[in-house]
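**Q** Protein sequences appear in the order of chains A and B.
Under our numbering, the final residue of the first sequence carries the number 232; numbering is consecutive throughout.
Under our numbering, the final residue of the second sequence carries the number 464; numbering is consecutive throughout.
Each residue gets a CB set at the ideal place from its N, CA and C atoms; glycine is no exception.
Bear in mind the structure is a predicted one, so any value in this text is a computation, not a measurement.
Got a structure for you, questions after.
There are 2 protein chains.
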Amino acid sequence: MNKKFKWIGFDADDTLWENETFFRETEYLFAKMLSEFCDKETAMQELYKTELKNLKDYGFGIKGFMLSMVETAIQLSAGKVATSNITRMIEMGKEMLNKPVTFIDGSKEVVKSLSKKGYKLIVVTKGDLLDQERKLAKADIDKYFHHIEIMSDKQEANYKKVLNHLNIEAKDFLMIGNSLKSDILPILNIGGSAVYIPFHTTWIHEQVENNTKLENFWELKEMAELENVLGL
Amino acid sequence: MNKKFKWIGFDADDTLWENETFFRETEYLFAKMLSEFCDKETAMQELYKTELKNLKDYGFGIKGFMLSMVETAIQLSAGKVATSNITRMIEMGKEMLNKPVTFIDGSKEVVKSLSKKGYKLIVVTKGDLLDQERKLAKADIDKYFHHIEIMSDKQEANYKKVLNHLNIEAKDFLMIGNSLKSDILPILNIGGSAVYIPFHTTWIHEQVENNTKLENFWELKEMAELENVLGL
């Protein structure tokens, strides 16, 4: 059968498996710990501001998030936060690092089935190298992927580099992800196609407005609908 | 001219540029901050223990080091460390992340000259993705390298994967680095050759004893001596 796309790229966090939910849960506990100093809303807003400020130094990932929690707690409490609470923040981060992988509805089955059908699959994810490698190993799906690319950021230039490196023509490439900003728009801009599958929770930093009618673009409710896009 | 090695791999931290020195400086300041709770020797030993314990969660790199400083300080002071000192630890880490790149004697010139002579050069480094990418960009030497591989650890299996991926035969590959454990022994074990250039400071975790006479191995004082190994 003639394939519409030879290569399919998958984002990992919140596309293959859950991730953002754990950040939201931890932020909530963080805000609760600071309740004697400020209301929950303020705590979460200030944490987000600290994270944004630190992004250029720390990049994406759990370790940077942990450091930003500690920094925000000291600042919001004017230095009065108990060190036992700082210890607890570090523990919460370690718990996040050790969470089991929870696949999002049907993602593992879709990956397996597309691999069997002869599609060349790659993972394109951003964030912390060790953390992402660990999740891929825990998830035990490495074997279905031709290549795994972990990048520090998902800009057009980063995607171009990967496609070049693997000799993929943009027209043969379909990217699947939950972030318009990181997974969809950069791919469409370099001539690829993209499938957007929103997750129920999106980090504010990943939220963008899109009011244009996009080409080579599909929005799906769940990954099982991918077969329609691929004409299977 | 017939080349003894077609491919040359360079470790980055403490081979191309200084790195370990900054950790030692920061550890010293860390120990000084805790002087009311314990002597310097104890502070540094405990920090190292915490780092080792956290290695499986954090991997290598500055952010993990920062989190281990905070954890150790709280533990060693029985929770009494001032939050202003915790803030200072985070600042010291950020300063480390923003250090300019300081090349080790002649390394940039050697890289440039080997690239001109037609050797295929790669960087093989471990640690934090964003941090390493940033240093390579700051150092402005990306252009001399055919490929840059940033891995979470430098075991035989990691090296095998890179060589396979780039279609390099081990016999054609020479690796240059400052760590017997990470840069030299795994390469010799998979049939490659290696040049060891010790740096004046080595992290305890990277120290190994070697009393065997090694084959396909050279120890040099500085990178400029590489021409002898290559027969140039």
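Taking only runs of the beta strand (DSSP E) that begin and end inside the segment 141-168 of chain A, which ones reach a length of at least 3 residues, in chain order?
**A** 147-151, all fully within the segment 141-168 of chain A.
**Q** Buried or exposed, going by whether 16 or more other CB atoms sit within 10 Å of the CB of S300 (chain B)?
**A** buried
**Q** Name the chain A residues whose beta carbon is nearer than 7 angstroms to that of Y290 (chain B)?
**A** K63
**Q** Find the nearest neighbour of L220 (chain A) within the set A:E209, A:S179, A:N189, A:G191, judged by alpha-carbon distance.
**A** A:S179
**Q** With 7 angstroms as the limit, tell me which residues of the segment 301-323 of chain B have their beta carbon closer than that to any beta carbon of chain A; keep them in chain order.
**A** V302, E303, I306, G311, V313, T315, S316, I318, T319, I322
**Q** Between E365 (chain B) and chain A, is there a C-beta pair that is closer than 9 angstroms?
**A** yes
**Q** What residue ranges within the segment 404-447 of chain B form continuous alpha helix (DSSP H) runs of no fewer than 4 residues, ordered along the chain?
**A** Here the runs fully enclosed are 417-421.
**Q** Buried or exposed: Y119 (chain A), going by 16 or more other Cβ atoms within 10 Å of its Cβ?
**A** buried
**Q** Taking any Cβ of chain B, which residues in the segment 171-186 of chain A have a Cβ under 8 angstroms from it, in chain order?
**A** none
**Q** Since K20 (chain A) contacts D14 (chain A) with CB under 8 angstroms, what's their CB separation in whole angstroms?
**A** Looking at the sequence itself, residue 20 (chain A) is Glu, so the reference to Lys does not match. Yes, E20 (chain A) and D14 (chain A) are in contact; Cβ-Cβ is about 5 angstroms, under 8 angstroms.
**Q** Between the segment 136-154 of chain A and the segment 34-43 of chain A, do at least 3 Cβ pairs fall closer than 8 angstroms?
**A** Cβ pair count under 8 angstroms is below three, so no.
**Q** Using DSSP's beta-bridge definition, name the partner residues of L121 (chain A).
**A** L121 (chain A) is bridged to A:I8.
**Q** Is D14 (chain A) helix, strand or coil by DSSP?
**A** coil
**Q** Hey, how far is the Cα of G106 (chain A) from the Cα of E222 (chain A)?
**A** Rounded to the nearest whole angstrom, the CA to CA distance from G106 (chain A) to E222 (chain A) is 8 angstroms.
**Q** Counting only beta-carbon separations shorter than 9 angstroms, does N98 (chain A) have a partner in chain B?
**A** yes
**Q** Where does F246 (chain A) fall in DSSP's three states?
**A** Since the first residue of chain A shown is 1 and the last is 232, residue 246 (chain A) is not available in this structure.
**Q** Between A:A194, A:P186, A:D172, A:T212, which has its C-alpha nearest K6 (chain A)'s C-alpha?
**A** A:D172
**Q** Pull up the CB-CB distance for K94 (chain A) and I141 (chain A), whole angstroms please, since I reckon it's below 8 angstroms.
**A** Wrong, their Cβ atoms sit about 24 angstroms apart, outside the cutoff.
**Q** List the residues of chain A that L279 (chain B) touches, going by C-beta distances under 9 angstroms, in chain order.
**A** By Cβ distance, chain A contributes nothing, its closest Cβ being about 14 angstroms from L279 (chain B), past 9 angstroms.
**Q** Are the Cβ atoms of G177 (chain A) and V162 (chain A) separated by less than 9 angstroms?
**A** G177 (chain A) is not a Cβ neighbour of V162 (chain A), given a cutoff of 9 angstroms.
**Q** Alpha carbons only, please: which of B:T258, B:T334, B:L420, B:T433 is nearest the one belonging to I450 (chain B)?
**A** In the sequence as displayed, the identity of residue 450 (chain B) is Trp instead of Ile. Minimum Cα distance to W450 (chain B) is reached at B:L420.
**Q** Report yes or no: do the segment 41-56 of chain A and the segment 70-82 of chain A share at least 3 C-beta pairs separated by less than 8 angstroms?
**A** yes
**Q** Please go through the same chain and pick out, in chain order, the residues whose beta-carbon is closer than 8 angstroms to the beta-carbon of K213 (chain A), but skip the five residues on each side of it.
**A** none
**Q** Which residue comes first and which comes last in the alpha helix (DSSP H) that contains F335 (chain B)?
**A** Premise fails: F335 (chain B) is in no alpha helix (DSSP H) and is neither H nor E.
**Q** Cβ of I373 (chain B) less than 9 angstroms from any chain A Cβ?
**A** I373 (chain B) is outside the set of residues whose beta carbon lies under 9 angstroms from a beta carbon in chain A.
**Q** Hey, could you find the ends of the alpha helix (DSSP H) F60 (chain A) is sitting in?
**A** Neither: F60 (chain A) is in no alpha helix (DSSP H) and is coded neither H nor E.
**Q** Of all the CB atoms in chain B, is at least one closer than 9 angstroms to the CB of D14 (chain A)?
**A** no
**Q** May I ask you to verify whether the segment 352-367 of chain B touches the segment 194-209 of chain A, counting CB pairs closer than 8 angstroms and requiring at least 3?
**A** no
**Q** Count the other C-beta atoms from every protein chain shown that fall within 10 angstroms of the C-beta of V302 (chain B), then say buried if there are 16 or more, exposed otherwise.
**A** A residue is called buried when at least 16 other Cβ atoms come within 10 angstroms of its Cβ; V302 (chain B) meets this threshold and is buried.
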